[in-house]
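Encoded as structure tokens, the structure appears first; notes follow it.
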Amino acid sequence: MAMINVSSLSSFSQETENKKTSHAVAVSSISIGVTVQDKKGRYINDLTKEDFSIYENNEKRDLTYFSHDFRAPLSLTVLLDVSGSMALQDKLKESKESIKYLVTFLLDLDDEFSLLIFADGEVEVAMNFSNNKNYFLTVLEKIKAYGQTALNDAVTVTPEFADKGNNEKRAILLITDGIENDSQYSHYQAVEIARRVDIPIFTIGYKIPLSDQYLQKYKHSPSLTSFGIVYSLERFSRATGGKAFFINQAEELKTALREIKKELSYQYILGYTSYRNQENEYREIKVITSKKKYKVRTREGYYSGEKKSP
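Taking the working numbering, I'd label the letters of the sequence shown as residues 7 to 316.
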């Protein structure tokens, strides 16, 4: 399996940033995935191009691209925490069973999927993008838990990998108990790098420890509290246009995965033209619909030019 070590993470992440930011400079077309729901959480499936308005830094932009295909294939990257804490309470075992359910019953024949695993400061490409379900399940079955958790580092490098998917719809599924005790990168840095790529991170926080006393043995930073874990996972998703789920029962894992697949099926892909800028600038994106009562979710923004590592 291909591996990304902590010792090479800084250079890899710098390369990731340069590639993504130089891409933003080289082209003026910005693409974003958008989810629309009503007040009851039901997905809205009948909007047209004329129903959307896009604002960048509060300036309205012309919508130049619109796509909404319920059957459009998906490129999904599964990012699985396999650190030692995931061996407790059958967290890894039940997570693997839920992923098996996802691949076997929820993903379509045209969908492609990949599997990254992380522990002990390493991110391994357990399986590159493919639609070979049998091979995926064989690889998944062999995975064991070990080591500490470099969650922030894993989130830092995964979007660049996930961006290699062949389909227009792309997403990252992160399954973890949220314990962070081995990263070189801070949570803030991980978010800043992850948001450079237009790929939503859907996070499942599974059996997050609620006792701060229990967390003491994993302490690496003051933010490693049950509240800090929830905040971190929510932030990964919110910044990138995804969604976070917090689950304590195995059956709830399948429910969350069905919801994620459903949301991605209903996703709109919008594009607009923006001016080029060699200077680094964070640009906030806001999308609204003609029906103000609808709730719209997309990534918070993007960078227009090059930027050094945070």
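From the three backbone atoms N, C-alpha and C, an ideal C-beta is built for every residue, glycine too.
In chain order, each alpha helix (DSSP H) run of at least 4 residues that lies wholly inside the segment 241-293: 256-271
Could you give the first and the last residue of the continuous beta strand (DSSP E) run that contains Phe58? To locate residue 58, count along the sequence shown from 1; it is residue 52. It spans Phe58 to Glu62 - the beta strand (DSSP E) in which Phe58 sits, taken as one unbroken run.
According to DSSP, is Ile36 helix, strand or coil? Sequence index remark: in the sequence shown, residue 36 carries index 30 (1-based). It is a strand residue.
For Leu108, which residues in the same chain have their Cβ closer than 6 angstroms to its Cβ, ignoring the five residues on either side in sequence? Within the sequence shown, numbered from 1, the residue matching residue 108 stands at position 102. For Leu108, the CB contacts under 6 angstroms within the same chain, skipping 5 residues up- and downstream, are Leu263 in chain order.
Three-state secondary structure (DSSP) of Asp159: Your numbering for residue 159 matches position 153 in the sequence shown. DSSP places Asp159 in helix when its eight states are reduced to three.
Among Leu143, Phe119, Leu115 and Val203, nearest to Glu103 - alpha-carbon criterion: Sequence index remark: in the sequence shown, residue 103 carries index 97 (1-based). Cα-wise, what sits closest to Glu103 is Leu143.
Compare the Cα-Cα distances from Ala173 to each of Asp87, Thr182, Ile205 and Thr246 and report the closest residue. Here residue 173 is taken as the residue at index 167 of the sequence shown, counted from 1. The identity of residue 173 in the sequence shown is Asn, whereas the question assumes Ala. Checking every option, the nearest Cα to that of Asn173 belongs to Ile205.
Would you kindly work out how many angstroms separate the C-alpha atoms of Tyr300 and Ala245, rounded to a whole number? In the sequence shown, counting from the first residue as 1, residue 300 sits at position 294. In the sequence shown, counting from the first residue as 1, residue 245 sits at position 239. Cα-Cα distance, rounded: 20 angstroms.
When the Cα atoms are used, what is the spatial distance from Lys175 to Pro79? The residue you call residue 175 lines up with position 169 of the sequence shown. The residue you call residue 79 lines up with position 73 of the sequence shown. Going from the Cα of Lys175 to the Cα of Pro79 covers about 7 angstroms.
Suppose you measure from the CA of Glu56 to the CA of Asp169; what does that come to, to the nearest Å? Locating residue 56 in the sequence shown gives position 50, where the first residue counts as 1. Locating residue 169 in the sequence shown gives position 163, where the first residue counts as 1. The straight-line gap from Cα to Cα measures roughly 28 angstroms.
Leu85 in three-state terms, based on DSSP: Position 79 of the sequence shown holds residue 85. In this structure, Leu85 counts as strand in the three-state DSSP scheme.
Can you find the residues in the same chain that come closer than 6 angstroms, C-beta to C-beta, to Ser189, ignoring five residues on each side of it along the sequence? Translated into the one-based positions of the sequence shown, residue 189 becomes position 183. Ala156, Asn158 and Asp159, listed in sequence order.
Give me the DSSP bridge partner(s) of Glu166. Taking the first residue of the sequence shown as 1, we reach residue 166 at position 160. According to DSSP, Glu166 bridges with nothing at all.
Which two residues bound the contiguous alpha helix (DSSP H) that contains Leu146? Here the question's residue 146 lines up with position 140 in the sequence shown. That run of the alpha helix (DSSP H) goes Lys139 to Glu147.
Verify whether the separation of the beta carbon atoms of Val88 and Ile185 is less than 8 angstroms. Translated into the one-based positions of the sequence shown, residue 88 becomes position 82. Translated into the one-based positions of the sequence shown, residue 185 becomes position 179. Not a contact, by the Cβ cut-off of 8 angstroms.
By Cβ distance, which residues of its chain are closer than 6 angstroms to Asn254, with the 5 residues on each side in sequence left out? Taking the sequence shown and counting its residues from 1, the one referred to as residue 254 is at position 248. Closer than 6 angstroms at the Cβ level, and outside the excluded window around Asn254, lie Lys213.
Would you kindly work out how many angstroms separate the C-alpha atoms of Asn24 and Asn137, rounded to a whole number? In the sequence shown, counting from the first residue as 1, residue 24 sits at position 18. In the sequence shown, counting from the first residue as 1, residue 137 sits at position 131. Here Asn24 scores only 45 on pLDDT, less than 50, and its place in the model is too uncertain to base an answer on.
Secondary structure at Lys297, three-state DSSP: helix, strand or coil? Residue numbering aside, residue 297 sits at position 291 when the sequence shown is read from its first letter. Coil.
Just to confirm my understanding: we take Lys267, look at its own chain, exclude 5 residues before and 5 after, and list those with CB closer than 6 angstroms. What are they? For this step, residue 267 is matched to residue 261 along the sequence shown. If we look at Lys267 and ignore the five residues flanking it on each side, its Cβ neighbours are Leu112.
Residue span of the beta strand (DSSP E) that contains Ser120, given as start and end: Locating residue 120 in the sequence shown gives position 114, where the first residue counts as 1. Here the beta strand (DSSP E) through Ser120 covers Glu118 to Ala125.
Give me the DSSP bridge partner(s) of Glu186. Walking along the sequence shown from the start, residue 186 turns up at place 180. DSSP lists no partner for Glu186.
Who are the near neighbours of Pro165 in its chain, counting only those whose CB is closer than 6 angstroms to its CB and skipping five residues on each side? Locating residue 165 in the sequence shown gives position 159, counting from the first residue. So the qualifying residues of the chain are Ala200, Val203 and Ile205.
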